[in-house]
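Asker: Last residue of the sequence shown: 402 (my numbering), numbering continuous.
C-beta atoms are modelled at their ideal positions from N, C-alpha and C, and glycine is treated no differently.
The following block contains the structure, expressed as structure tokens.
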Amino acid sequence: MIFRKKVLILLIAVLAVLLIANAAPAATLAGFDDNEIRIGQWGPQTGPAAPWGSVARGSKLLFDVVNEEGGIYGRKIKYFIRDDMYNPAQTAAVVKELVERQGVFAFVGGVSAAGGLAVKDYLAQNKVIWVGPATSVKEYVFPVQPYLFSVYPLYEDEASVLTKYIVETLKLKKIGILYQNDSYGKNGFDGLKQRLDTYKMSLAAEIPVEPTEKDLASQILRLKSSGAEAVLMYVNPTTAVIALKTAANVGYKPQWVSSNTLSDYPLMHKISGGLWEGVITGNFGEIPDSKNPLMVKYKEAAKRLSPEERWGTFYSAGILFADPIVEALKKAGRNLSTEAVLKALNAIKDYQTIGPKISFTEKQHQGSDSVVIQKCGPNGSYIELQGWTANDLATWKK
């Protein structure tokens, strides 16, 4: 009897080992079946960068439209949004959950350079496609990452274009920078420096800030004391508003210039109490009231499918970031696989919807280097100053 029990226990143990050995780990789930394709995105729905949370919700609108039109070869997109609170540790946790428990096929968007860098290698190791990070730093795509495709112009390229505009068009010579102390801010700083080097100009002031800082009095006084006539900002929306309000309190009125990450003028005008008027920014998408047929289509869809959402630049950017994955899923055909979608993404050339033209190859996963330059007008209106402009210093294209 004892012998039989031992044999039975041994058989159960062997069976358990075989079951575990033969079970596919969660991270290698196909991410789709005959009825659905699972796609995820993280983003700050709360925290200091919460105004950027609408990016993830904008991607949802695109997927809702796709599903409403019948899906992709009959498969509907099942979409997951997770709040990472603009905290890289939380980004890692929610991405792990989406990969290993929900079995997502791909990610789109994803606000925060620091958050993206915290999960970039994990996604690559698990062969999960990531298209259109909602931030753009060179660490994402140089060297080329097989599963990562960037739609967003590099902050480095954008800062170079904006600096050229400050010097050559605005004729301002004393330039300062207020930048977030992470990859986002540092990439913008690098682009500014590269352009100034061509003019043999030095920065009037370079001021790093932490994303959660609330008191910027000392930083603003340093900028004022430097005599900076223009200040380039690569910071989150909350930090930008604090900076402008602090500057107004001490009578400092430079020409503020910002990354396109702060180009949602109605929102920035509102949360800054009107101080955003006159700020110049880059932009890489159509303005909210554009007559572009696709923008009109999405705007009408938003009224119908997401009436609670404010139609704005950050929200529509979510569509722009996610567009290429939809195009690639269609091009991949009915026989869906990661390999088929990668092949379709690597063949995208001059693909344009509501932003710049996007092109990828197997050796080049940075989609664009072009931005539009705009200024915030009265009541958060958009004034175009310069059309699509590429960075003529961008070495990655040469």
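May I have the straight-line CA-CA distance separating Val69 from Met205, to the nearest angstrom?
Answerer: If you take the alpha carbons of Val69 and Met205, they lie about 49 Å apart.
Asker: Which word fits Lys401, buried or exposed, when buried means at least 16 other C-beta atoms lie within 10 angstroms of its C-beta?
Answerer: It is exposed - the Cβ of Lys401 has fewer than 16 other Cβ atoms within 10 Å.
Asker: Can you tell me whether DSSP reads Lys303 as helix, strand or coil?
Answerer: In the structure shown, Lys303 sits in a helix (DSSP, three-state: H, G or I).
Asker: Per DSSP, what kind of secondary structure is Asn26 in: helix, strand or coil?
Answerer: Confidence is the limiting factor: at Asn26 the pLDDT is only 38, short of 50, which leaves the residue's position unreliable, though a coordinate-based value still follows. Correct three-state label for Asn26: helix.
Asker: By Cβ distance below 8 Å, which residues in the same chain neighbour Gly180 in space, the five residues on each side in sequence not counted?
Answerer: If we look at Gly180 and ignore the five residues flanking it on each side, its Cβ neighbours are Leu207, Ala208, Ala209, Glu210, Ile211, Leu227, Ser230, Ala232, Ala234, Val235, Leu236 and Pro258.
Asker: Using only CA atoms, which one of Gly384, Gln223, Trp280 and Val239 lies nearest to Val254?
Answerer: Among Gly384, Gln223, Trp280 and Val239, the Cα nearest to that of Val254 is on Gln223.
Asker: Does DSSP classify Lys82 as helix, strand or coil?
Answerer: In this structure, Lys82 counts as strand in the three-state DSSP scheme.
Asker: Roughly how far, in whole angstroms, is the beta-carbon of Thr317 from the beta-carbon of Gly289, given that I think they are within contact range, below 8 Å?
Answerer: With 8 Å as the limit, Thr317 and Gly289 qualify as a contact, their Cβ atoms being about 7 Å apart.
Asker: Can you tell me which of the three DSSP states Arg226 falls into?
Answerer: In the structure shown, Arg226 sits in a helix (DSSP, three-state: H, G or I).
Asker: So Ser164 and Leu397 are in contact, right, with Cβ under 8 Å, and what is the actual spacing, rounded?
Answerer: Confirmed, about 5 Å.
Asker: Could you check the C-alpha separation between Ile284 and Lys175 for me, to the nearest Å?
Answerer: Taking the straight line from one Cα to the other gives about 14 Å.
Asker: Quick one: Cα of Val132 to Cα of Thr250, how far?
Answerer: Cα-Cα distance, rounded: 43 Å.
Asker: Does the separation of the CB atoms of Trp56 and Pro241 fall below 8 Å?
Answerer: Contact: yes.
Asker: So within the stretch 182-216, which uninterrupted alpha helix (DSSP H) runs reach at least 4 residues, ignoring any that extend past its ends?
Answerer: Entirely contained in the stretch 182-216, the alpha helix (DSSP H) runs reaching 4 residues are, in chain order, 187-202.
Asker: Assuming contact is defined by CB atoms lying nearer than 8 Å, are Leu166 and Ile377 in contact in what I supplied?
Answerer: Result yes, Cβ atoms of Leu166 and Ile377 sit closer than 8 Å.
Asker: State the DSSP-derived secondary structure class of Thr32, mapped to helix, strand or coil.
Answerer: Because the pLDDT of Thr32 is 49, which lies under 50, any placement of that residue in the model is unreliable, and the number read from its coordinates should be weighed accordingly. Three-state result, Thr32: helix.
Asker: According to DSSP, which residues form a beta bridge with Arg42?
Answerer: Answer is Lys82.
Asker: Given a cut-off of 8 Å, decide if Gly47 and Pro328 are closer than it, judged by their beta-carbon atoms.
Answerer: Their beta carbons are not under 8 Å apart, which means Pro328 does not touch Gly47 by this criterion.
Asker: Among Tyr183, Ser187, Asp201 and Asn191, which residue has its Cα nearest to the Cα of Glu217?
Answerer: The residue with the shortest Cα to Cα distance from Glu217 is Tyr183.
Asker: Pairing CB atoms from the stretch 83-96 with CB atoms from the stretch 106-123, are three or more of them under 8 Å?
Answerer: With a cut-off of 8 Å, the stretch 106-123 and the stretch 83-96 count as touching, because enough Cβ pairs lie within range.
Asker: So does the stretch 264-276 actually touch the stretch 73-91, counting three or more Cβ pairs closer than 8 Å?
Answerer: The stretch 264-276, when compared against the stretch 73-91, does not touch it at the 8 Å Cβ threshold.
Asker: Assuming Lys347 and Asp354 make a contact with CB atoms under 8 Å, what is their CB distance in whole Å?
Answerer: That pair is no contact at about 18 Å.
Asker: Under the three-state reduction of DSSP, which class applies to Gln149: helix, strand or coil?
Answerer: Three-state DSSP puts Gln149 in coil, outside helix and strand.
Asker: Got a sec? Which residues, its chain only, sit under 6 Å from Tyr156 by beta carbon, not counting five neighbours each side?
Answerer: Within the same chain, Tyr156 has close Cβ partners Ser140.
Asker: Residues in the same chain with beta-carbon distance under 6 Å from Gly384, minus the five sequence neighbours each way, listed in chain order, please.
Answerer: So the list reads Tyr269, Pro270 and His273, once near-sequence residues are dropped.
Asker: How do the stretch 33-45 and the stretch 100-113 stand: do at least 3 beta-carbon pairs fall below 8 Å, yes or no?
Answerer: Enough Cβ pairs lie closer than 8 Å, so yes.
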